[in-house]
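The sequence shown begins at 1 in the UniProt record's numbering and counts up by one.
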Amino acid sequence: MTTSVVSIVYVNDAPAAARFYGDLLGMSPSFETSGYITFDLGPGADLGVWSGQFEDLSPDVPRTSEVCLAIDGGPDELNAIFEQWKSKGVTILREPHDAGFGLTFLAADPDGNRIRVAPQD
1 MTTSVVSIVY VNDAPAAARF YGDLLGMSPS FETSGYITFD LGPGADLGVW SGQFEDLSPD
61 VPRTSEVCLA IDGGPDELNA IFEQWKSKGV TILREPHDAG FGLTFLAADP DGNRIRVAPQ
121 D
């Protein structure tokens with residue numbers, strides 16, 4: 001059995017993407033190479049940004065997968081994160097709304113990868 005699940009986000013510039021995600025998550029990378037950088041999100045979960053898999057990945061290609069940041073706070077915490085990200089200039093794809101499982105919003109990183117913030121199950 002695996003000891004960790006790593007969600008990988010393909011990016012054009014791993015160091016730039018790591019600065020973006022590090023700022024959003026309020027943490028520093030746990031592992032770094034020039035093209036692959038990871039963040040330890042807690043027991044059994046890591047987020048990796050990788051620029052070596054798809055060299056010259058075009059930002060014009062629509063990204064359809066998502067990284068979901070599940071928060072354990074309620075709507076007030078989600079709205080606070082939304083306002084914080086908006087003030088940082090993060091691209092917002094869909095403002096907070098009820099999606100049936102709770103309040104959620106959708107953003108994008110500089111490469112167009114989707115980031116959802118939603119309540120933890």
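In this text, a Cβ means the ideal position worked out from N, Cα and C, and glycines have one as well.
This structure is a prediction, so every number in the text was calculated from the model and none was measured.
- Within the same chain, Cβ atoms closer than 7 Å to the Cβ of I8 are found at G48 and W50, the five residues on either side in sequence being excluded.
- L41 is not a Cβ neighbour of W85, given a cutoff of 8 Å.
- Minimum Cα-Cα distance from A45 among the listed residues P29, V6, D76 and P75 corresponds to V6.
- Scanning T33, F39 and A16 for the CA closest to the CA of G26 turns up F39.
- Exclusion of the five residues before and after A108 leaves T91, L93, R114 and I115 as the residues of its chain whose Cβ lies within less than 7 Å of its Cβ.
- Closest by C-alpha distance to F101, out of V67, F82, P29 and G74, is G74.
- DSSP, reduced to helix, strand and coil, places P96 within a strand of the structure shown.
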